[in-house]
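Trainee: Just passing along the structure, written as structure tokens.
Shown next, in the form of structure tokens:
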């Protein structure tokens, strides 16, 4: 079965809208962009749209690719004072010390779970504010009735935005978790045994139907733009074999956007 | 080959002693104990001994098992002001909200990497201050000339003090990492393929020679006291088959103690 991430995101949007209307709160979100490529611009558009539908005011802050770490940090401190939540769209240019910049975001405004404090709280299982991709996986598995505890999960890729948070969340939820890399020689041996696969490598077609077992749940969190098309890591033909499968586009992407705003509402309760 | 953790810890101690003498700094460490069992009392004795050998002054703070989260947190804030580093010996009694207490330790005094901020910095690979068990693994692999990148690593157990930090460090260093649990059905299938095994379950004899491949490196970070003896997870007979093997006692234990003080010296540079 193919998961309709857009539809689920829409349902979450309605729930959040109701929660916000009931609370009477008017929230603002700051979106910080430094330069930015095609994929990040696409995500920023989606976030802006989601915010508008929700009645959350968006303040945009665009900086030049030449900005220094110190300048960006100072600006982010001010932006955090003026908004209820702040998104720093990644990745940042190479001269920027990302850690120093992201640690300027106070936990209560860190809707993307990017500061050290937020990451540490998430890793130690201290609270319910999850990195958006982990929130998306929780949402998908929850709606499919799948409890990760005792399951075999395979995470392909170990990046800061997809692989690592997905692996940590699955570990925290009691799964047996294998994290594979670009240099892992026999990835299909791991994939063949997996009950849950999360992929976030940006290599289209990396996972094909013959590599997975019947009835696996495949969460494709890969995103790369080729010739204007957004592509995931997974050959869509796995849908026939998988128990549940999230397509790209229209799977994890819209859900991670929804999770950013779920965090915003949660942090401002 | 069996790794002599005591000997390596002794060498680290000499290096740290020299570094401290050269700096002319007089450091103090606060050790907080709340109740405490046999294993933790044993570790506290080792830490006290290491500190004394190093010329680091130890201030001990013992609290009753009945203390509340708020009281303990207040005390730790004061203890942190008075010392260059603070150890909060785990585990804490069940009524205590550990996260709230551990987050009272400022990063620059958090020699055990237990606060959210410290954990987040470690997970994101931001700095060189590692949780002691991860520091011990880095030390062991470094001395054995083993680079985890591209290796298959298996971590047995996913606890906050051993399994999780070990897994994160191995992921950050580019290994393919599988985290196994008590409920993983076929642990020997994973173990048989592993180049590096880290075990931290507290189940003596869990890993036996026939479960590992020839030439694997086995790091036993299990610690349980039975009939007055400290036991690891690994049958010592693996030494014949393993490339490198750390015994219990005298392997990872003394090294984690050394790493706490390495962090103390590093944080006070």
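Chains as they are written, first to last, in the numbering used here: chain A, 45 to 313; chain B, 45 to 313.
Yeah, the Cβ is synthetic: ideal placement off N, Cα and C, and Gly gets one too.
Does any residue of chain D bring its CB to less than 8 angstroms from the CB of residue 217/B?
Mentor: Protein chains in the displayed structure are A and B, and chain D is not among them.
Trainee: For residue 161/A, return the contacting residues in chain B, with the cut-off set at a CB-CB distance below 7 angstroms.
Mentor: Here residue 161/A refers to the residue found at position 117 of the first chain. Simply 160, 161 and 164.
Trainee: Considering only the beta carbon of each residue, do residue 228/B and residue 197/B sit closer than 8 angstroms?
Mentor: Here residue 228/B is taken as the residue at index 184 of the second chain, counted from 1. Here residue 197/B is taken as the residue at index 153 of the second chain, counted from 1. Against a cut-off of 8 angstroms, the Cβ pair of residue 197/B and residue 228/B comes out as no contact.
Trainee: Out of 312/B, 309/B and 279/B, which one is the CA nearest neighbour of residue 46/B?
Mentor: Walking along the second chain from the start, residue 46/B turns up at place 2. It is 279/B.
Trainee: Below 8 angstroms on the Cβ atoms is my contact criterion, and I expect residue 200/A with residue 250/A to pass it. Report the Cβ-Cβ distance as a whole number of Å.
Mentor: Position 156 of the first chain, counted from the first residue, corresponds to residue 200/A. Position 206 of the first chain, counted from the first residue, corresponds to residue 250/A. Contact holds; Cβ gap of about 7 angstroms.
Trainee: Assuming residue 136/A and residue 205/A form a contact by the criterion Cβ under 8 angstroms, report the distance between their Cβ atoms to the nearest whole angstrom.
Mentor: By one-based count along the first chain, residue 136/A stands at place 92. By one-based count along the first chain, residue 205/A stands at place 161. 12 angstroms between Cβ atoms; not a contact.
Trainee: Taking all protein chains shown into account, decide if residue 271/B is buried (16 or more other Cβ within 10 angstroms of its Cβ) or exposed.
Mentor: Stepping through the second chain from its first residue, residue 271/B is reached at position 227. By the 10 Å Cβ count, residue 271/B comes out exposed.
Trainee: Which class does residue 196/B belong to by DSSP, given the choice of helix, strand or coil?
Mentor: As a working mapping, residue 196/B is identified with position 152 in the second chain. Note: residue 196/B maps to strand in three-state DSSP.
Trainee: Please say whether residue 98/A and residue 145/A have beta carbons closer to each other than 8 angstroms?
Mentor: The residue you call residue 145/A lines up with position 101 of the first chain. The residue you call residue 98/A lines up with position 54 of the first chain. No, these two residues do not count as a Cβ contact at 8 angstroms.
Trainee: Once you ignore the five residues that flank residue 252/A on each side, which residues in its own chain have a CB closer than 6 angstroms to its CB?
Mentor: On the first chain, residue 252/A is found 208 positions in, with the first residue counted as 1. So the qualifying residues of the chain are 279.
Trainee: When the Cα atoms are used, what is the spatial distance from residue 284/A to residue 248/A?
Mentor: Position 240 of the first chain, counting from 1, holds the residue named residue 284/A. Position 204 of the first chain, counting from 1, holds the residue named residue 248/A. Rounded to the nearest angstrom, the two C-alpha atoms are 18 angstroms apart.
Trainee: Return the chain-ordered ranges of every beta strand (DSSP E) run that is complete within the stretch 80 to 160 of chain B and spans a minimum of 3 residues.
Mentor: Listed in chain order, they are 101 to 107 and 129 to 132.
Trainee: What three-state label does DSSP hand residue 224/A in the structure shown?
Mentor: Reading the first chain from its first residue, position 180 is the one you call residue 224/A. Residue 224/A: strand per DSSP, three-state reduction.
Trainee: Does the separation of the CB atoms of residue 296/B and residue 177/B fall below 8 angstroms?
Mentor: Taking the first residue of the second chain as 1, we reach residue 296/B at position 252. Taking the first residue of the second chain as 1, we reach residue 177/B at position 133. For residue 296/B and residue 177/B, yes; Cβs fall inside 8 angstroms.
Trainee: Mind the definition here: the stretch 150 to 158 of chain B touches the stretch 222 to 238 of chain B only if three or more C-beta pairs lie below 8 angstroms; say whether that holds.
Mentor: Judged by Cβ distances under 8 angstroms, the stretch 150 to 158 of chain B makes no contact with the stretch 222 to 238 of chain B, as fewer than three pairs qualify.
Trainee: Tell me, please, whether the stretch 51 to 64 of chain A touches the stretch 290 to 307 of chain A by the rule of three or more beta-carbon pairs shorter than 8 angstroms.
Mentor: These segments touch.
Trainee: Could you work out which residues of chain A lie near residue 194/B, taking near to mean beta carbons separated by less than 7 angstroms?
Mentor: For the purposes of this step, residue 194/B is identified with residue 150 of the second chain, where counting begins at 1. Correct list: 227.
Trainee: Leaving out the 5 sequence neighbours to the left and right, which residues in its chain are closer than 6 angstroms to residue 104/B when beta-carbon positions are compared?
Mentor: Stepping through the second chain from its first residue, residue 104/B is reached at position 60. So the qualifying residues of the chain are 75.
Trainee: For residue 172/B, which residues in the same chain have their Cβ closer than 8 angstroms to its Cβ, ignoring the five residues on either side in sequence?
Mentor: Taking the second chain and counting its residues from 1, one reaches residue 172/B at position 128. Answer for residue 172/B: 310, listed in chain order.
Trainee: Contact criterion: CB-CB distance below 8 angstroms. Does residue 222/B meet it with respect to chain A?
Mentor: Mapped onto the second chain, residue 222/B falls at position 178. Closer than 8 angstroms: yes.
Trainee: Whole angstroms are fine: how far does the CA of residue 112/B sit from the CA of residue 126/A?
Mentor: For the purposes of this step, residue 126/A is taken as the residue at position 82 of the first chain. For the purposes of this step, residue 112/B is taken as the residue at position 68 of the second chain. Whole-angstrom Cα-Cα distance: 36 angstroms.
Trainee: Figure out for me which residue from 138/A, 78/A and 161/A has the closest Cα to the Cα of residue 120/A.
Mentor: By 1-based counting over the first chain, the position of residue 120/A is 76. Of 138/A, 78/A and 161/A, the residue nearest in Cα terms is 78/A.
Trainee: Can a CB atom of chain A be found closer than 8 angstroms to the CB of residue 143/B?
Mentor: The count along the second chain starts at 1 and reaches residue 143/B at position 99. True, the Cβ-Cβ gap to chain A drops below 8 angstroms.
Trainee: For a contact meaning CB atoms closer than 9 angstroms, what does residue 122/A contact in chain B?
Mentor: In the first chain, counting from the first residue as 1, residue 122/A sits at position 78. Neighbours of residue 122/A on chain B: none; closest Cβ ~22 angstroms, over 9 angstroms.
Trainee: Where do the N-terminal and C-terminal ends of the alpha helix (DSSP H) with residue 270/B fall, by residue?
Mentor: Position 226 of the second chain, counted from the start, is the residue given in the question as residue 270/B. It is not in any alpha helix (DSSP H) - residue 270/B instead sits in the beta strand (DSSP E) that spans 268 to 270.
Trainee: From 67/A, 50/A and 282/A, pick the residue whose C-alpha is nearest to that of residue 94/A; which is it?
Mentor: Numbered from its first residue, the first chain carries residue 94/A at position 50. The option with the nearest alpha carbon to residue 94/A is 50/A.
Trainee: Mind listing the chain B neighbours of residue 96/A? Cutoff is C-beta to C-beta under 8 angstroms, in chain order.
Mentor: By 1-based counting over the first chain, the position of residue 96/A is 52. Going along chain B, no residue has its Cβ under 8 angstroms from residue 96/A, so there is no contact; the nearest lies around 31 angstroms.
Trainee: Comparing the C-beta of residue 271/B with each C-beta of chain A, is any distance below 8 angstroms?
Mentor: Counting from one through the second chain, the residue named residue 271/B turns up at place 227. False, the Cβ-Cβ gap to chain A never drops below 8 angstroms.
Trainee: With DSSP collapsed to three states, give me the class of residue 241/B.
Mentor: For the purposes of this step, residue 241/B is taken as the residue at position 197 of the second chain. Residue 241/B falls in the strand class under three-state DSSP.
Trainee: Which same chain residues end up closer than 7 angstroms to residue 69/A when comparing Cβ atoms and leaving out the 5 residues on each side of it in sequence?
Mentor: Indexing the first chain from 1 puts residue 69/A at position 25. Within the same chain, residue 69/A has close Cβ partners 312.
Trainee: Could you check what DSSP says for residue 189/A in three-state terms: helix, strand or coil?
Mentor: To locate residue 189/A, count along the first chain from 1; it is residue 145. Coil, per DSSP.
Trainee: Give every residue of the same chain whose Cβ lies closer than 6 angstroms to the Cβ of residue 307/B, excluding the five residues on either side of it in the sequence, and list them in chain order.
Mentor: For this step, residue 307/B is matched to residue 263 along the second chain. Only 155 and 173 meet the Cβ criterion.
Trainee: I'd like to know whether the C-beta atoms of residue 192/B and residue 164/B end up nearer to each other than 8 angstroms.
Mentor: Taking the first residue of the second chain as position 1, residue 192/B is located at position 148. Taking the first residue of the second chain as position 1, residue 164/B is located at position 120. In this structure, residue 164/B does not lie closer than 8 angstroms to residue 192/B by Cβ.
Trainee: According to DSSP, residue 300/A sits in a beta bridge with which residue or residues?
Mentor: As a working mapping, residue 300/A is identified with position 256 in the first chain. Its beta-bridge partners do not exist; DSSP assigns none.
Trainee: Pick out the complete beta strand (DSSP E) segments inside the stretch 254 to 296 of chain B, 3 residues or longer, and give them in chain order.
Mentor: DSSP runs (the beta strand (DSSP E)) wholly in the stretch 254 to 296 of chain B: 261 to 264, 268 to 270, 273 to 275 and 288 to 290.
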